[in-house]
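Novice:
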Amino acid sequence: MNEAYFLGSSGKNGFFSCFSQLTPKIEGQYTYIIKGGPGTGKSSLMRRVADEMEKKDIECERIFCSSDPNSLDGVIFPSLRVSICDGTSPHTLDPDYPGATGEIVNLGDCWDKEKLLEKKEEIISLTDKNKACHQRSRRFIESAFSIFADGEKICRDCLDESRLMRYASRVSSRHFKKPRGKIGTEKTRLLDAITPWGYFFLNETAESLCSEKIVFEDEFGIASSKLIGEIRSYALASGFSVISSPCINREKAIRHIIIKELSLGFFTADKLCNLNITPTKTVNLRRFYSLADMSAHKPRLTFAKKAANELMNEAVCSLKIAKGIHDDLEKCYVDAMNFEKISAIADSLTERIWKSEWWSEE
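Every position in the sequence shown, counted from 1, becomes a number in our numbering once 95 is added.
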């Protein structure tokens, strides 16, 4: 079963991060935090361990990097309560209790320092250029979300929330039936992020985990996030475990949810992100707004959609440039790395995870 997620993305207030999910305060949880520069083999190491564990039929969640969706930021083995993650900026991580709940894997031990010193000026120049591109991108993203927020406010003021909540109750009753006497668990994962490929949705995860996919069409996502948030509460109260994907522009709002036990997902389709999934059912939520009030604000709504998309496109262009610079930076490190040593570290990690004593065999 293909499970791929993001745990971070450029957002309204800088970098939106859920990376604490990799180091949760759970008894028995252990995290290997990899440190090293670009091109030092962090992603390849994690991919190798993930591939080997999947051969042993161990469930694996792959966490992809929003700056480069071909690269891994982490892997999680839920049944083993073990994770491996990239602990470098912009999602710097360190073990809360070194040696007890996690440890650092330093790939700096695998590079030739003299070769890197020879390319010192190039490394500094490329690093600074890459950082500048990301800063520029985030300024455009923050501007896009600020303008989009004007449309969100109009929609919020025009929303018939009581009618929407009645609909949420009907939908939830249809899918969750009666409470099962327990409260479900929840984990946070991002199904979409802003990447060099655009505002990108991990459609393969949705298609893989959900035989029933209900898509709520909502231009600014206000009704949808309230509706999905309410459905999420019903699901948890009925004892079902929920994967919640928050809005990166409204941190307390939920954008998508998946209930694996029911092979069921509820997803938001708005004017910022193309889902690229085949829905079982599509529901347009316009009927939950006062159409007369919405029509009165049509010029502002049209401007908000157009301007936000243009700004987002400019942000994506900056991310593409940053990705190219990052690729050049990686080459500086690749030439200085001892990849045989990194392969040995990957093999050792795989063996340690497989033979670990801190996870339950339940």
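Cβ coordinates follow ideal geometry from the N, Cα and C atoms, glycine included.
With 16 other CB atoms within 10 Å as the buried threshold, where does Leu386 fall?
Specialist: Classification of Leu386: exposed, given that the 10 Å Cβ count is below 16.
Novice: Helix or strand or just coil, what does DSSP make of Glu356?
Specialist: Correct three-state label for Glu356: helix.
Novice: Here's a check: name, in chain order, each residue in its chain whose Cβ is nearer than 6 Å to the Cβ of His186, leaving out the five neighbours to either side.
Specialist: Cβ neighbours of His186 beyond the five flanking positions: Gly103, Ser112 and Phe114.
Novice: Identify which residue in Val337, His351, Glu346 and Gly279 has its Cα closest to the Cα of Leu297.
Specialist: Here the closest residue by C-alpha is His351.
Novice: Mapping DSSP to helix, strand and coil, what is Thr397?
Specialist: Thr397 falls in the helix class under three-state DSSP.
Novice: Could you give the DSSP three-state label for Ser333: helix, strand or coil?
Specialist: Correct three-state label for Ser333: coil.
Novice: Can you tell me whether Lys376 is helix, strand or coil according to DSSP?
Specialist: It is a strand residue.
Novice: For the alpha helix (DSSP H) containing Tyr262, name the first residue and the last one.
Specialist: Start and end: Glu256 to Phe271.
Novice: Along the alpha helix (DSSP H) that carries Leu167, what are the first and last residues, could you check?
Specialist: Not the alpha helix (DSSP H): Leu167 falls in the beta strand (DSSP E), residues Asp163 to Phe172.
Novice: In chain order, what residues of the same chain lie with their CB nearer than 6 Å to the CB of Glu147, ignoring the 5 residues before and after it?
Specialist: Taken in chain order, the residues that qualify are Thr445.
Novice: Do Asn344 and Phe235 have their C-beta atoms closer together than 7 Å?
Specialist: The answer is no: Cβ separation not under 7 Å.
Novice: Could you pull out every unbroken alpha helix (DSSP H) segment of at least 4 residues lying fully inside the region 122-209, listed in chain order?
Specialist: Runs found: 137-150.
Novice: Ends of the alpha helix (DSSP H) at Ser238?
Specialist: Segment Lys215 to Cys253, the alpha helix (DSSP H) holding Ser238.
Novice: Starting from Phe434, trace the beta strand (DSSP E) both ways and give me its first and last residue.
Specialist: That residue, Phe434, is in no beta strand (DSSP E); its alpha helix (DSSP H) goes Phe434 to Trp449.
Novice: Could you check whether Arg157 and Val144 sit closer than 7 Å to each other, using their CB atoms as the reference points?
Specialist: Taking 7 Å as the Cβ cut-off, Val144 and Arg157 do not qualify as a contacting pair.
Novice: Flag this pair as touching only if the region 272-287 and the region 418-431 have three or more C-beta atom pairs under 8 Å; answer yes or no.
Specialist: No: the two stretches stay apart, fewer than three of their Cβ pairs being nearer than 8 Å.
Novice: Cutting at 7 Å between CB atoms, please list the residues of its own chain near Trp454, excluding the five before and the five after it.
Specialist: Residue placement at Trp454 cannot be trusted, given a pLDDT of 48 that sits under 50; the coordinates are not used to answer.
Novice: What number of angstroms, rounded off, separates the C-alpha of Ile326 from the C-alpha of Asn371?
Specialist: One C-alpha to the other measures close to 23 Å.
Novice: Can you tell me whether Lys321 is buried or exposed, with buried defined as 16 or more other CB within 10 angstroms of its CB?
Specialist: Buried, because 16 or more other Cβ atoms sit within 10 Å of the Cβ of Lys321.
Novice: What first and last residue would you give for the beta strand (DSSP E) that runs through Glu346?
Specialist: That residue, Glu346, is in no beta strand (DSSP E); it is neither H nor E in DSSP.
Novice: Can you check which of these residues, Gly203, Asn165, Glu281 and Asn108, is closest to Glu237 by C-alpha distance?
Specialist: Among Gly203, Asn165, Glu281 and Asn108, the Cα nearest to that of Glu237 belongs to Asn108.
Novice: Classify Thr375 as buried or exposed, calling it buried when 16 or more other Cβ atoms lie within 10 Å of its own Cβ.
Specialist: Classification of Thr375: exposed, given that the 10 Å Cβ count is below 16.
Novice: Opposite Ile323 in the DSSP bridges: which residues?
Specialist: DSSP lists no partner for Ile323.
Novice: Hey, could you find the ends of the alpha helix (DSSP H) Asp388 is sitting in?
Specialist: That run of the alpha helix (DSSP H) goes Leu386 to Ala391.
Novice: Helix, strand or coil for Arg284 per DSSP?
Specialist: Coil, per DSSP.
Novice: Do Tyr384 and Cys253 count as a contact pair if the criterion is CB distance below 7 Å?
Specialist: Cβ atoms of Cys253 and Tyr384: closer than 7 Å.
Novice: Alpha carbon to alpha carbon, how far is Phe335 from Glu456? Give it in angstroms, no decimals.
Specialist: Residue confidence for Glu456 is low, a pLDDT of 46 falling below 50, so the modelled location carries little weight; the figure read from the coordinates is stated next. Taking the straight line from one Cα to the other gives about 22 Å.
Novice: Could you check which residue in Leu117, Phe398 and Ser328 has the C-alpha nearest to that of Gly182?
Specialist: Among Leu117, Phe398 and Ser328, the Cα nearest to that of Gly182 belongs to Leu117.
Novice: Considering only their Cβ atoms, is the gap separating Phe311 from Gly246 smaller than 7 Å?
Specialist: Cβ atoms of Gly246 and Phe311: not closer than 7 Å.
Novice: Work out the CA separation of Glu154 and Val337 for me, nearest whole Å.
Specialist: Near 17 Å, if we compare the C-alpha coordinates of Glu154 and Val337.
Novice: For Thr363, which of helix, strand or coil comes out of DSSP?
Specialist: Of the three classes helix, strand and coil, the one that applies to Thr363 here is strand, per DSSP.
Novice: What does the Cβ neighbour count give for Ile219, buried or exposed, with the cut at 16 atoms within 10 Å?
Specialist: Burial call: exposed.
Novice: Quick check: the region 394-412 against the region 203-221, are at least 3 beta-carbon pairs closer than 8 Å?
Specialist: With the cut-off at 8 Å, the region 203-221 and the region 394-412 do not touch.
Novice: Among Gly134, Ser303 and Pro291, which has the Cα closest to the Cα of Ser358?
Specialist: Looking at the Cα atoms, Ser303 is the closest of the given residues.
Novice: Looking at Ala399: is its Cβ nearer than 7 Å to the Cβ of Phe243?
Specialist: Yes, these two residues count as a Cβ contact at 7 Å.
Novice: If distances are taken between C-alpha atoms only, which option among Ser413, Val429 and Lys418 comes closest to Gln230?
Specialist: Here the closest residue by C-alpha is Ser413.
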